[in-house]
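Residues 3 to 843 in the numbering used here are what the first sequence lists, from first letter to last. We treat Cβ as the ideally placed atom computed from N, Cα and C, and that holds for glycine. Comments concern the structure below.
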Amino acid sequence: MSNSFDDIPFFDEEPEPAPRKQPGNAAPPAPVAGSGGAPNTGLGIAARAMAARDQNRPQMDYLSGLNPEQREAVETLDGPVLVLAGAGTGKTRVLTTRIAHILATNRAYPSQILAVTFTNKAAREMKERIGVLVGGAVEGMPWLGTFHSIGVKLLRRHAEIVGLRSDFTILDTDDVVRLIKQLIQAEGLDDKRWPAKQFAGMIDGWKNKALLPADIPEGDARAFANGKGRELYAAYQARLRTLNACDFGDLLLHPIAIFRKTPDLLKEYHQRFRYILVDEYQDTNTAQYMWLRLLAQRPKDVPQNVCCVGDDDQSIYGWRGAEVDNILRFEKDFPGAKVIKLERNYRSTEHILGAAGHLIAHNEGRLGKTLFTDRVDPDDEKVQVHAAWDSEEEARAVGEEIERLQRGDADGKKHALNDMAILVRASFQMREFEDRFVTLGLNYRVIGGPRFYERLEIRDAMAYFRLVCQPADDLAFERIVNTPKRGLGDTTIRYLHDSARARDVPMLQAAAEMVETDELKPKARKALFDVVQSFRNWQTRLESVPHTELAEQILEESGYTDMWKNDKSAEAPGRLDNLKELIRSMEAFESMRGFLEHVSLVMDAEQNENLDAVSIMTLHSAKGLEFDTVFLPGWEEGLFPHQRALDEGGRSGLEEERRLAYVGITRAKRRCHIWFVSNRRIHGLWQSTMPSRFLDELPAGHVDVAAAPDSSYGGYGGRGGYGQSRFDKAEPFANNYSTPGWKRAQANKSDATRDNWGSRSGHAVERIGYGESGPRGRTIDGELVAKSTTDTPSKFKVGDRVFHIKFGNGNVSGIEGNKLTIEFDRAGQKRVLDGFVEKAS
DNA sequence: ATGGACCTATTTTTT
DNA sequence: ATAGGTCCAT
Numbered sequence: 003m004s005n006s007f008d009d010i011p012f013f014d015e016e017p018e019p020a021p022r023k024q025p026g027n028a029a030p031p032a033p034v035a036g037s038g039g040a041p042n043t044g045l046g047i048a049a050r051a052m053a054a055r056d057q058n059r060p061q062m063d064y065l066s067g068l069n070p071e072q073r074e075a076v077e078t079l080d081g082p083v084l085v086l087a088g089a090g091t092g093k094t095r096v097l098t099t100r101i102a103h104i105l106a107t108n109r110a111y112p113s114q115i116l117a118v119t120f121t122n123k124a125a126r127e128m129k130e131r132i133g134v135l136v137g138g139a140v141e142g143m144p145w146l147g148t149f150h151s152i153g154v155k156l157l158r159r160h161a162e163i164v165g166l167r168s169d170f171t172i173l174d175t176d177d178v179v180r181l182i183k184q185l186i187q188a189e190g191l192d193d194k195r196w197p198a199k200q201f202a203g204m205i206d207g208w209k210n211k212a213l214l215p216a217d218i219p220e221g222d223a224r225a226f227a228n229g230k231g232r233e234l235y236a237a238y239q240a241r242l243r244t245l246n247a248c249d250f251g252d253l254l255l256h257p258i259a260i261f262r263k264t265p266d267l268l269k270e271y272h273q274r275f276r277y278i279l280v281d282e283y284q285d286t287n288t289a290q291y292m293w294l295r296l297l298a299q300r301p302k303d304v305p306q307n308v309c310c311v312g313d314d315d316q317s318i319y320g321w322r323g324a325e326v327d328n329i330l331r332f333e334k335d336f337p338g339a340k341v342i343k344l345e346r347n348y349r350s351t352e353h354i355l356g357a358a359g360h361l362i363a364h365n366e367g368r369l370g371k372t373l374f375t376d377r378v379d380p381d382d383e384k385v386q387v388h389a390a391w392d393s394e395e396e397a398r399a400v401g402e403e404i405e406r407l408q409r410g411d412a413d414g415k416k417h418a419l420n421d422m423a424i425l426v427r428a429s430f431q432m433r434e435f436e437d438r439f440v441t442l443g444l445n446y447r448v449i450g451g452p453r454f455y456e457r458l459e460i461r462d463a464m465a466y467f468r469l470v471c472q473p474a475d476d477l478a479f480e481r482i483v484n485t486p487k488r489g490l491g492d493t494t495i496r497y498l499h500d501s502a503r504a505r506d507v508p509m510l511q512a513a514a515e516m517v518e519t520d521e522l523k524p525k526a527r528k529a530l531f532d533v534v535q536s537f538r539n540w541q542t543r544l545e546s547v548p549h550t551e552l553a554e555q556i557l558e559e560s561g562y563t564d565m566w567k568n569d570k571s572a573e574a575p576g577r578l579d580n581l582k583e584l585i586r587s588m589e590a591f592e593s594m595r596g597f598l599e600h601v602s603l604v605m606d607a608e609q610n611e612n613l614d615a616v617s618i619m620t621l622h623s624a625k626g627l628e629f630d631t632v633f634l635p636g637w638e639e640g641l642f643p644h645q646r647a648l649d650e651g652g653r654s655g656l657e658e659e660r661r662l663a664y665v666g667i668t669r670a671k672r673r674c675h676i677w678f679v680s681n682r683r684i685h686g687l688w689q690s691t692m693p694s695r696f697l698d699e700l701p702a703g704h705v706d707v708a709a710a711p712d713s714s715y716g717g718y719g720g721r722g723g724y725g726q727s728r729f730d731k732a733e734p735f736a737n738n739y740s741t742p743g744w745k746r747a748q749a750n751k752s753d754a755t756r757d758n759w760g761s762r763s764g765h766a767v768e769r770i771g772y773g774e775s776g777p778r779g780r781t782i783d784g785e786l787v788a789k790s791t792t793d794t795p796s797k798f799k800v801g802d803r804v805f806h807i808k809f810g811n812g813n814v815s816g817i818e819g820n821k822l823t824i825e826f827d828r829a830g831q832k833r834v835l836d837g838f839v840e841k842a843s
């Protein structure tokens, strides 16, 4: 992790001059060997790379392992290049080798390479890998990072051009929502009718499209807050400016504004960034695209050495404003661009590639790549599809399979947990696996789960630190002024807030002034005085006391740690641990400021890499990773593809879901296990589910349908659920089954819509039978609609004796539409949909 | 001003 | 189901 933001060198302080010579055969600039006094200048890398090259090996041995396409992508350094790199084709390798090549051939200094990644993880990894290639660490690449982190860097340098000071704060989502809530209330609007969170999302969406308040569509503006959407957005921006703050979107938009306002500056950056590389280009949104184009499209006399790497089949951030079109437009934006396809896969077995390739072929509008591999091994396992009764059984079965692999039962080899991952569609699915693994005592690690820096106590502590470093941070002030409780209630704070706004000064300053007057009651005045005094103290210590010590002092003296020590709740000790962990993690940074910056951009905390553990994560956060064995649970209609993606995104939403499935499968190197369940509990209610249409789209030749576990199904006859019966067939994916799941889903959906929730009003609902599936209700739009045809033509009555497949026998004690409240003999009171019980015999 | 009871929305994915 | 927020009573 980099703390390179601690120092913000300005142009005239740059250690090395820009070489003026054209790249190519011109003599390279003479690299100055890293002198002892400045071990961290970027020059060391080039020098080390040279040294590596000049060793007794054949020159540039880093190129030797590349296939011809990869090599072309690495060596085509002049002019625009688009690399279409399929999953597992060595994309990261190409990028890192390309950078190493640029350095080793002395075409640019490390500080003259702009390398943009999509996630912090990717940036970190790239730094490491370049380090391996050229030897040593990569401190010398100041412009390798995410769009956002590079945006911050630019903005810190030129903040005044957009009306900010260089010490602006970066607000996270939580801050933004609180701020917007204040604005909504200030407008006299009902903040329940117009949720701040929703508006924050809208602003985010606009900013992703690079739309300022003046630019947003009229419809969008009217849709929120009684037509005040535009005003509210403008008010928000104004407020950010007075707070000297930015949100995430601003980190992209402000640099764009800066470049547009000051063409000379842009020109300087054109000269500076001799090589531009962009990873995951398919995930760039409009704002990022504009940002990039400003930097990469140059006047005729400046070379356009831009290289974008991406895979349209792995574009999975459309919901967040990513435009796959950017990748398709590349050749138009950069005429003469060379397009290189990487299709040779080094990761997966032919079965995994076959399954993934067949699935993704159902998408239209692809650039069309087909992955291939030379690897042929008859022992390679096909992709396995498994059915389970419910998510609990799913978790149990996955756990068993993991233990089997761990013990080596399966193939005589013991597999490390680190080589296995469970990739879920939605994070709520993780819980069941965690529960199960805790029971089994199986190590697991959740990646991208609830984040360390989003925890309450961490955010509180951070607010203290922020306010010390940045006294104008009103959001931080409001967060902690009465935490721990100091008797400063709503009334006092609102009064303070209003008078600060009226005089246009930060709240902390307003407070300092107010305690000199008699405006407040003595009690509040004393409390506020103490707060003001404390912050004055801490601020003076900022320069003199080491930042980790100061952090501890702040938490002690403010009474914050005491607050948790006195808290008797179960979480309190954990929170204190987290605070300690927070202080510990500050040690890696030079200053409190540097630490705060890091946290606002990198919300992840470090994971323990040494532990052998199964990874659990969402499909989204799995992109770019690979595992020997991958488990993909929850392949059910409504969950995957997700209902919401279907509702909101229509066809393109479905295609994005399919790409997500593709990403999931292609994470696997050797083994891929897909699961679906017949019943899932959603919002506390049991619902039956249908297998995902994506299962129908897998090729029979590369897929094995595992036998349904006998345990849960035994004795229930035809009630085994839709999926089971379908997959009992010898050839589940054959063409005579060409009524794919989704067609039925569509048909069922429209039928359900037509019958207008008739089941609730009590009259009989026509059953849409689907063959072998049995007399079971179905899930449509998150509701169970239809009911059994034959033996129970009417609703249950209170007092009925009923049987439930999971909970056993019980008595109906309440009815509410199609939801029954049942007192089960063993399981206690549960609320269940009526399609799940039958009259006890 | 604090604490408890009740009500509600939540559950896609993230820089 | 559960957590988080709101409202009301003390």
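Collapsed DSSP secondary structure at residue i in the structure displayed
i	result
tyrosine 64	helix
arginine 109	coil
threonine 288	helix
methionine 619	strand
glutamine 408	helix
aspartate 614	coil
alanine 117	strand
glutamate 91	It should be pointed out that residue 91 corresponds to threonine in this sequence rather than to glutamate. Threonine 91 falls in the coil class under three-state DSSP.
leucine 641	strand
threonine 741	With a pLDDT of 32 at threonine 741, under the threshold of 50, the predicted position of this residue should be treated as unreliable, and no value is reported.
asparagine 122	helix
Range of the contiguous beta strand (DSSP E) that encloses residue i
i	result
methionine 422	422-426
isoleucine 278	277-280
phenylalanine 629	629-634
asparagine 69	Per DSSP, asparagine 69 belongs to no beta strand (DSSP E) and is neither H nor E.
glycine 147	146-148
glycine 203	No beta strand (DSSP E) contains glycine 203, which is instead part of the alpha helix (DSSP H) from 198-210.
tryptophan 688	687-690
isoleucine 676	670-684
Host alpha helix (DSSP H) of residue i (start-end)
i	result
aspartate 392	Segment 385-392 is the beta strand (DSSP E) holding aspartate 392; no alpha helix (DSSP H) there.
serine 602	594-603
tyrosine 235	231-244
isoleucine 329	327-330
tyrosine 271	265-274
serine 168	No alpha helix (DSSP H) holds serine 168; DSSP gives it neither H nor E.
aspartate 176	175-188
isoleucine 163	Run containing isoleucine 163: none; DSSP gives neither H nor E here.
Close beta carbons around residue i, own chain, < 6 Å, minus the five adjacent residues each side
i	result
threonine 859	The question about residue 859 has no answer here: the residues shown for the chain are numbered 3 through 843.
phenylalanine 633	Val400, Ile424, His675
valine 679	Ala390, Asp392, Ser393, Glu396
Contacting residues, own chain, Cβ-Cβ under 7 Å from residue i (five flanking each side not counted)
i	result
glutamine 239	Pro215
phenylalanine 332	Leu84, Cys310, Ala339
serine 713	Per-residue confidence for serine 713 stands at a pLDDT of 38, beneath the threshold of 50, marking its modelled position as unreliable; no derived number is given.
alanine 225	Gly231
Continuous beta strand (DSSP E) assignments of at least 3 residues falling wholly in the stretch 485-560:
none
Flag this pair as touching only if the stretch 167-187 and the stretch 266-286 have three or more C-beta atom pairs under 8 Å; answer yes or no.
no
Between the stretch 105-120 and the stretch 258-277, do at least 3 Cβ pairs fall closer than 8 Å?
Touching, per the Cβ criterion.
With a cut-off of 8 Å, do at least 3 Cβ pairs link the stretch 148-166 to the stretch 184-198?
no
List, from N- to C-terminal side, the alpha helix (DSSP H) runs of 4 residues or more that fit wholly inside the stretch 296-378.
327-330, 332-335, 352-362
On the three-pair Cβ rule with 8 Å, is the stretch 244-253 touching the stretch 80-99?
no
Would you check if there are 3 or more beta carbon pairs closer than 8 Å linking the stretch 652-659 to the stretch 453-463?
no
Counting pairs of beta carbons, one from the stretch 569-582 and one from the stretch 432-451, are three or more of them closer than 8 Å?
no
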